[in-house]
Every structure is written in structure tokens, then in C-alpha cells.
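Colleague:
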Amino acid sequence: MSSSNNEHDIELLDQAHAHLWKHMYVYIIPMILKWAVELNILDIIYNHGKPMTIDELLAFLPINPIKAPYVYRLMRILTHSGFFTLTDNQQGEKGYELTPPSLLLVKSNPFSQSSFLQMAIGPVIINPWQYLSTWFQNDDLNPFYTAHGTTMYDYANNNSKFNDVFNESMGNDTRLISHVMIQKCRCVFEGLSSLVDVGGGNGMLAKSIAQAFPQIKCVVLDLPHVIADLRDADNLKFVCGDMFQAIPSADAILLKVLKKCKEALSDKRGGKVILIEMVMSSVESQEEVGENIVGTELGFDLLMMVLLKGRQRSEKEWAKLFSDAGFKDYKVTRLLGLRSLIEVFV
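Below, the structure written as C-alpha cells:
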């Protein structure tokens, strides 16, 4: 009996040790992806147009030749993680091909997430996590402030390199989201004659809507220094203003400050606010959704806490927020990945 118990204890210890190490070293894959992006490996394989052998790949890489034997080991784990497949070429040799996730990291892809990856695991974003314990013991706004002595947006305003990566990341992400939104949620915009994108920056999202729905007069509202060099075009107009002060009246408001949005919609029968946000899975739906998505949702919620003192909300929490702001109803449509399009009705 004791021998059986000992074997069971060893088995549990083995599982516990493997689980611990898996999570201790979870950073390895993102760091190797960053390596692959920085050496243009994904673009090189994409431009090759057919399975690319390790020797063919090495011939294109700007690396010290004595480091060449290490490349295979990094490619091996990325293949295991689903970012490459190994396929026979015409000569019967194994060659690397891209998968759907790695195609999103090709820099020439108009929807590329490569800059987003480099920002997400760069030192500016990673360092604040080292200060979690310190932050819990001080009065700082968030761990980002503890690490850098300023807010993330002020840091970006004073650091051109990070600001460029941040803006490129947001731009590429908006391009991807708008493409999917126009394809998947056309009914959301049908029947509208006017729309205001609140805090719309360079107007990329509003421009996509304006082009897809020429009957909608689109307005981008943002601060003067943000839109100073942007010009109106056809049914797209840029307006200087502060979203916390006033929002132009329209049939629909895209994003962000619910109270002010409702005021802008108050004289519009059938008006609505449109948000693109994450809706966290409820406890009841987590098994159906899957561990990968739930784990990423929980991680992203903490990311908002660390960087911005923000949070992600479940549908129940969103519903309360809408009700408290005086809205009557809402509708959630799954959009892309973890994000949904939410229509909030007056």
C-alpha cells in the first residue's frame, strides 16, 4: 500500500514540476518570435514562395556564420509551436512554410502584427511586470509608473522610438480590425447617415467606414495636435475637440466615453454607440470557450492593470455600465480574436 502511495506521490510531483517549468519559461516562445521578426525570417520564407530548407534560409540571414548551427534549434521550437510547418520540396528535402499565425507577422502583410509583437515584449512593456510587488506597497497609479516614473502615454510623447512603434502597432491593428469589421458587421452601419469616431486619431477606422459606406458622413473628433496635418476627403471630416467636453451629434458614435456619447445621441431616434472591446468569458462559458482564450483574456486584463490602471469586463459588467449610463439595450457581436463589436442603443 505504501509503495503504491509513493508511486502516486512521485507521479503528482512529476506533473507538478512539469507544470511549473512550463509556466516559468513561457517567455521563450515570444522572445524567439521577436528574433525571427528582427531577422526578417518570416518575410524571407514568404518571399521564397515555396518550402525553404534550413540551408537556403541560412544563406539569406545576416548573422555570424559561427552562429548558424543555432538557427535550426530556434526554428524547431517555432515549428513545434505552430508558426512553421515542414514540407517536402521538389527535391524531397524538408523546407519551412508559414502558417496562418506567422503570416500575421510578415512585415509586407498590410495587416501585419510584427510591430505589435515587438512592442508587446519590448523592455518598455516588460519592465513594469518586474515591479508588481513594489507597486502593491506604494501609491503609484500603476506598475508602469513605478518602473518608468511616468504614465505610458506621457512616456510615448517623450520617447520618439517607442512612440513610433506604438503608433505603427495601433495603426496596423486598426487596419486589421476595420477590414474584418467591414466584412463581418456590415449590418451595423446600414441605415446610418452620420457617424463620429471619438478620439479617432489619424482616422484610419473612420476612413474604412467612409469608403465602404459612402452614404455615411463620418467625422473624426480628436485634439488639435493629433489631427493638425490631416485633411478632409469626400465623406470624411476631421474636427478638433475634446471628447470630455462635447461630441458632435450623429446617428452613431464610435467609442469611448459613454456619458458624452449619450448626450450626442440624445436627439437621435435609434441612435447607438459602437465600441470595439473585449468581452471576458463568464465562469459558466469558460469550458465552452476553451482554456487558451480564457487564459489570454485573464492575462490581457492584467496587462491593462499594469500599463493603464484599466480592466476588461464580462458581459454582465458591460451591461451594468451601459445601464448606469442610461442606455436601454446592447448587442454583442464577436469580431476578431478576443474582441467584439458592441452596439449600445439609446
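For what it's worth, this note's numbering labels the leading residue of the sequence shown as 11, then goes sequentially.
Every residue, glycine too, gets a C-beta built ideally from N, C-alpha and C.
#1: For W145, count neighbouring Cβ atoms within 10 angstroms of its own Cβ and tell me buried if that reaches 16, exposed if not.
#2: Distance, Cα to Cα, V289 vs P110?
#3: Is it buried or exposed, K32, if we count other Cβ atoms within 10 angstroms and call 16 or more buried?
#4: According to DSSP, is M11 part of a helix, a strand, or is it coil?
#5: Which residues in the same chain as M180 place their Cβ atom closer than 6 Å to its Cβ, once the five residues preceding and following it in sequence are excluded?
#6: Just checking, does the region 165-177 make contact with the region 124-143 on the three C-beta pairs under 8 Å criterion?
#7: Three or more C-beta pairs under 8 Å: does that hold for the region 235-246 against the region 206-218?
#8: For E66, tell me which candidate among S188, I192, Y106, A216 has the shortest Cα-Cα distance.
#9: Pull the bridge partners of C197 from the DSSP assignment, please.
#10: Taking 7 Å as the threshold (C-beta atoms), are Y82 and I64 in contact?
#11: Between which two residues does the alpha helix (DSSP H) holding Y340 run?
#12: State whether the region 336-348 contacts the region 189-204, with contact taken as three or more CB pairs (one from each stretch) at a distance under 8 Å.
#13: According to DSSP, simplified to helix, strand and coil, what is L96?
#14: Identify which residue in R323, L317, G59 has its Cα closest to the Cα of L308.
#15: Under the rule that 16 or more other beta-carbon atoms within 10 Å means buried, what is Y80, buried or exposed?
#16: Run the CB neighbour count on N302, radius 10 Å, all protein chains shown included, and call it buried at 16 or more, exposed below.
#17: Got a sec? Which residues, its chain only, sit under 8 Å from W139 by beta carbon, not counting five neighbours each side?
#18: Helix or strand or just coil, what does DSSP make of V206?
#19: Could you give the C-beta distance for V229 and E353, rounded to a whole number, given that I count them as a contact under 8 Å?
#20: Please say whether K217 and N245 have beta carbons closer to each other than 7 Å?
#21: Quick one: Cα of N119 to Cα of Q25, how far?
#22: Does the CB of I136 have a neighbour CB from chain D at under 7 Å?
#23: Taking the straight line between their C-alpha atoms, what separation do you get for S143 and D150?
#24: Using a 10 Å radius around the Cβ and a threshold of 16 neighbouring Cβ atoms, would you call P61 buried or exposed?
#25: Just checking P75 against the ligand SAH - is the residue's beta carbon closer than 6 Å to any of the ligand's heavy atoms?
#26: Who are L285's beta bridge partners in DSSP?
#27: Helix, strand or coil: how does DSSP classify M34 here?
#28: Here's a check: name, in chain order, each residue in its chain whose Cβ is nearer than 8 Å to the Cβ of Y340, leaving out the five neighbours to either side.
#29: What are the boundary residues of the alpha helix (DSSP H) that A69 is part of?
Modeller: On the basis of the supplied data:
#1: buried
#2: 24 Å
#3: exposed
#4: Because the pLDDT of M11 is 46, which lies under 50, any placement of that residue in the model is unreliable, and the number read from its coordinates should be weighed accordingly. Reduced to three states, the DSSP call for M11 is coil.
#5: none
#6: yes
#7: yes
#8: Y106
#9: According to DSSP, which records beta bridges pairwise, C197 is partnered with nothing at all.
#10: Yes; because the gap between Cβ atoms is below 7 Å, this pair is in contact.
#11: That residue, Y340, is in no alpha helix (DSSP H); its beta strand (DSSP E) goes 339-346.
#12: yes
#13: strand
#14: Closest by alpha carbon: R323.
#15: exposed
#16: exposed
#17: So the list reads P153, V316, once near-sequence residues are dropped.
#18: V206 falls in the strand class under three-state DSSP.
#19: With 8 Å as the limit, V229 and E353 do not qualify as a contact, their Cβ atoms being about 19 Å apart.
#20: Their beta carbons are not under 7 Å apart, which means N245 does not touch K217 by this criterion.
#21: 41 Å
#22: The structure shown contains no chain D, having only a single protein chain.
#23: Counting only the Cα atoms, D150 lies some 12 Å from S143.
#24: buried
#25: For the ligand SAH, the structure offers nothing, since it holds no ligand at all.
#26: I352
#27: helix
#28: W328, A329, F332, I352, E353, V354, F355
#29: Annotation: the continuous alpha helix (DSSP H) that includes A69 extends over 64-70.
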